[in-house]
């Protein structure tokens, strides 16, 4: 006998409530023992062990990434859903982006759905995938390139937010670029004319980029630092380098912009009689593709849980979740963890993730994820609409 969606939700949420203490303890442990990108050994291990205790088949490490994992439960043919887990912290300020909290949110949602697959209430496959290093070399990029998400009906996670919740998350495509200028050293006082100043090349490049700003779309972003500026004031710098993040609302426009920037770097090198090399210093992130069918359903679900949905505030940085959205239907709402306005990547946010208010958000977010996953498993019309929106967004993206 087929069980109704409402009864499935009730059963899964009973499991969420029953095991919520384990997820809260996991989140608080990570908050108290933060591990930065690509060093999340205890964080990933504890997620993987918890999922294994609840009957998941766990591959850990996953794809030769030491701190990635893939947990799986199956019950015959049916929809395929992935709950994505983040757990890397920031240097110095710890879990100021809330990964400890919303990572545990996904793991708890997986635990809530597990009995339904074990007992044959739903057909299909559930993945809970540990995705390290979102703050740097996002592992979702590698996973996307290796086809991990290609056959999914939905990949979803919820991200921690200050005091506002959103459904339609939009992120910018991003390239992390390093420009290394090579000159010729000389004594800066006795014979500077013998030298070729690599730092001058970097400085001129900065100035030229500032001039470019008035000729690019207002939503694009260019921000950087001098990574290396020379060794001593009395030596004409032989080597200098700068690092930039370049961002734009579409991958196509960003590729167009970076080509213009490449030419500018060559011009700066030519003008200073230096040489320049351009390379990525971190993985590139794609923009987040929208999916109206999935977003509308999630908005309905979150409102049904009593969550107040705020108006979206435009583009919010960049994430490797964007790369996922180019391989399968993907969704990343944001959920308030505080009643006070908080900014991510701040010490105040890091302190907020262990409050009782944040713990309530963890459980509430898990319920939203459970309901969204069950909607995909149970509603073939929704699955088709989500797939159609994905194909439309993937193949219909223009330059801007």
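In this note's numbering, the protein residues as written are -11 to 388. Where a beta carbon is used, it is the ideal one built from N, C-alpha and C, also for glycine. It should be emphasised that the depicted structure is a prediction, and the values quoted were computed from it without experimental measurement.
Where residue 265 sits in the DSSP three-state scheme: As a position in the chain shown, residue 265 is number 277, starting the count at 1. For residue 265, the secondary structure class from DSSP, reduced to helix, strand or coil, is strand.
CB-CB length for residue 155 against residue 290, believed under 8 Å: Numbered from 1 along the chain shown, position 167 holds the residue referred to as residue 155. Numbered from 1 along the chain shown, position 302 holds the residue referred to as residue 290. About 7 Å separates the two Cβ atoms, so the contact holds.
Cβ distance (whole Å) where residue 264 is taken to contact residue 168 below 8 Å: As a first step, residue 264 must be located in the chain shown, where it is residue number 276. As a first step, residue 168 must be located in the chain shown, where it is residue number 180. Between the beta-carbon of residue 264 and that of residue 168 there is about 7 Å, and that keeps the pair under the 8 Å contact cut.
Secondary structure of residue 270, DSSP reduced to three states: Position 282 of the chain shown, counted from the start, is the residue given in the question as residue 270. Of the three classes helix, strand and coil, the one that applies to residue 270 here is coil, per DSSP.
Coil, strand or helix - residue 215 by DSSP: To locate residue 215, count along the chain shown from 1; it is residue 227. Three-state DSSP puts residue 215 in a strand.
Residue 309, DSSP secondary structure in three states: For this step, residue 309 is matched to residue 321 along the chain shown. The three-state reading of DSSP puts residue 309 in helix, counting H, G and I together.
Buried or exposed (CB count within 10 angstroms, at least 16 for buried), residue 374: Against the chain shown, residue 374 aligns to sequence position 386. Residue burial is scored here from C-beta neighbours: residue 374 has at least 16 other C-beta atoms within 10 angstroms and is therefore classed as buried.
Boundaries of the beta strand (DSSP E) in which residue 228 is found, first to last residue: Here the question's residue 228 lines up with position 240 in the chain shown. Counting along the chain, the beta strand (DSSP E) containing residue 228 begins and ends at 227 to 236.
From 335, 269, 309 and 297, residue whose alpha carbon lies closest to that of residue 231: Within the chain shown, residue 231 is the residue found at index 243, counting from 1. Residue nearest to residue 231 within the set 335, 269, 309 and 297 is 269 (criterion: CA-CA distance).
Proximity of residue 43 and residue 106 at Cβ, strictly below 8 Å: Within the chain shown, residue 43 is the residue found at index 55, counting from 1. Within the chain shown, residue 106 is the residue found at index 118, counting from 1. Taking 8 Å as the Cβ cut-off, residue 43 and residue 106 qualify as a contacting pair.
The segment 18 to 30 in contact with the segment 76 to 91 per 3-pair CB rule at 8 Å: The segment 18 to 30, when compared against the segment 76 to 91, does touch it at the 8 Å Cβ threshold.
For residue 138, three-class secondary structure by DSSP: Position 150 of the chain shown, counted from the first residue, corresponds to residue 138. Note: residue 138 maps to coil in three-state DSSP.
Those residues which DSSP pairs with residue 60 across a bridge: For the purposes of this step, residue 60 is identified with residue 72 of the chain shown, where counting begins at 1. Residue 60 is bridged by DSSP to 45 and 115.
Spatial neighbours of residue 312 in its chain, beta-carbon cut-off 7 Å, leaving aside the 5 residues before and after: Walking along the chain shown from the start, residue 312 turns up at place 324. For residue 312, where only same-chain residues beyond five positions count, the Cβ hits under 7 Å are 128, 132, 137, 143 and 318.
Cut-off 7 Å between Cβ atoms - residues of its own chain near residue 84, not counting five sequence neighbours on either side: Along the chain shown, read from residue 1 onward, the residue named residue 84 stands at position 96. Only 78, 332, 333, 334, 335, 337 and 338 meet the Cβ criterion.
Buried versus exposed, by CB contacts within 10 Å (16 or more), residue 139: The residue labelled residue 139 in the question sits at position 151 within the chain shown. Of the other Cβ atoms in all chains shown, fewer than 16 fall within 10 Å of the Cβ of residue 139; this residue is therefore exposed.
Residue range of the unbroken alpha helix (DSSP H) whose run includes residue 163: Residue numbering aside, residue 163 sits at position 175 when the chain shown is read from its first letter. From DSSP, residue 163 is part of no alpha helix (DSSP H) but of the beta strand (DSSP E) over 161 to 170.
Contact under 8 Å by Cβ, residue 390 with residue 186: Since the displayed the chain opens at -11 and closes at 388, residue 390 lies outside it and no answer follows.
Stretch-stretch touch, CB-based, cutoff 8 Å, three pairs: the segment 294 to 309 with the segment 183 to 197: Not touching, per the Cβ criterion.
Supposed close pair residue 237, residue 275 - CB separation, criterion 8 Å: Numbered from its first residue, the chain shown carries residue 237 at position 249. Numbered from its first residue, the chain shown carries residue 275 at position 287. About 6 Å; that satisfies the 8 Å criterion.
Identity of the residues DSSP links to residue 378 by a beta bridge: As a working note, residue 378 is residue 390 in the chain shown. Among the bridge pairs identified by DSSP, residue 378 is matched with none.
Straight-line Cα distance separating residue 121 from residue -2: Mapped onto the chain shown, residue -2 falls at position 10. Mapped onto the chain shown, residue 121 falls at position 133. Going from the Cα of residue -2 to the Cα of residue 121 covers about 34 Å.
Environment of residue 123 [buried if 16+ CB atoms lie within 10 Å]: Translated into positions along the chain shown, residue 123 becomes position 135. Classification for residue 123: buried.
Bounding residues of the beta strand (DSSP E) (the contiguous stretch that carries residue 149): Position 161 of the chain shown, counted from the first residue, corresponds to residue 149. Run containing residue 149: 147 to 149, per the beta strand (DSSP E) assignment.
Cβ-based burial, residue 205 [other Cβ within 10 Å; buried from 16]: Your numbering for residue 205 matches position 217 in the chain shown. The residue is exposed, with fewer than 16 neighbouring Cβ atoms inside 10 Å.
From 112, 254 and 353, residue whose alpha carbon lies closest to that of residue 364: Within the chain shown, numbered from 1, the residue matching residue 364 stands at position 376. When each option's Cα is compared against that of residue 364, the closest is 112.
Sub-8 Å separation of residue 57 and residue 46 beta-carbons: Along the chain shown, one-based indexing puts residue 57 at 69. Along the chain shown, one-based indexing puts residue 46 at 58. Yes.
Secondary structure of residue 175, DSSP reduced to three states: Walking along the chain shown from the start, residue 175 turns up at place 187. The answer is strand: DSSP assigns residue 175 an E or B state.
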